[in-house]
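Numbering (our numbering), first residue to last: 542 to 777. Just so it is clear, CB atoms sit at the ideal spot from N, CA and C, and this is done for glycine as well. Below: the structure, in structure tokens.
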């Protein structure tokens with residue numbers, strides 16, 4: 542597909558999506574970079590806006606348009622030839638490997654390594670959820686998996702469970718939880734829910750190395766996939 546054809550495709554999908562969701566429509570993009578930016582802004586507004594209700598509550602036609610937009614954005618970045626194209630390819634390959642995991646246990650072992658090797662985080666830990674605590678199950682780039690963390694001492698994780706969206710702990714709004722700071726070896730981190738059939742079944746924590754730029758909940762190398770499900774394992 543040519544750059545001009547991709548601009549037209551992105552404009553059409555973005556316009557239809559905004560129309561279905563009664564969102565104001567910006568001027569049509571005339572360049573591929575502008576079309577990508579417009580589409581990314583729409584998906585971010587839909588999924589992370591203050592009034593966003595999430596994919597599960599969207600009309601079916603809006604869900605289809607949203608997925609089409611995300612796929613088109615990935616393809617457009619590959620066409621544009623910028624650095625994010627390589628990231629997009631590696632993310633897609635990573636998701637395929639995760640989907641190919643033969644069992645839940647294999648998936649648990651693989652996800653943290655994928656987040657570090659493919660996506661670029663320095664450390665990651667997957668935790669199961671008990672009624673009164675979060676239990677680290679597997680990790681990568683950490684000094685062991687650490688001890689269970691009481692839920693009543695984990696505000697960021699409780700928010701992640703309640704809102705079912707990625708959160709940035711250690712920033713201005715949410716304090717980092719001591720137990721997970723120790724496991725990850727970082728002052729701040731991202732926490733993301735793994736959602737299965739509308740239920741959060743586990744949490745994934747990710748951090749950067751000391752001295753690296755702090756992560757943010759809306760600008761990570763795996764944005765193209767995290768926006769569509771709020772989960773690195775739910776599939777794009």
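Cβ atoms of residue j and residue i: under 8 angstroms apart, would you say?
i	j	result
residue 555	residue 572	no
residue 682	residue 664	yes
residue 690	residue 712	no
residue 679	residue 698	no
residue 577	residue 614	yes
residue 716	residue 696	yes
residue 747	residue 619	no
residue 677	residue 702	no
Taking the alpha carbon of residue i as the point to measure from, which residue in the options has its own alpha carbon closest?
i	options	result
residue 705	602, 736 and 586	736
residue 661	731, 580, 546 and 585	731
residue 693	670, 740 and 714	670
residue 561	714, 574, 607 and 724	607
residue 564	575, 586, 543 and 605	586
residue 543	601, 675 and 617	617
residue 609	668, 570 and 552	552
residue 688	701, 668 and 702	668
residue 574	567, 726, 653 and 547	547
residue 604	557, 700 and 675	557
residue 654	745, 723 and 550	745
residue 729	559, 708, 741 and 739	708
residue 579	723, 710, 550 and 749	550
residue 672	724, 749, 741 and 569	741
residue 666	714, 727 and 568	727
residue 714	700, 570 and 724	700
residue 621	602, 739 and 545	545
In the DSSP assignment, find the beta strand (DSSP E) that holds residue i and state where it starts and stops.
i	result
residue 668	664-670
residue 570	From DSSP, residue 570 is part of no beta strand (DSSP E); its letter is neither H nor E.
residue 708	708-710
residue 681	674-681
Starting from residue i and walking both ways along the alpha helix (DSSP H), at which residues does that stretch end?
i	result
residue 549	544-561
residue 704	696-704
residue 743	First-last for residue 743: 740-748, but that is the beta strand (DSSP E), not the alpha helix (DSSP H).
residue 733	It is not in any alpha helix (DSSP H) - residue 733 instead sits in the beta strand (DSSP E) that spans 730-737.
residue 605	601-621
residue 722	719-725
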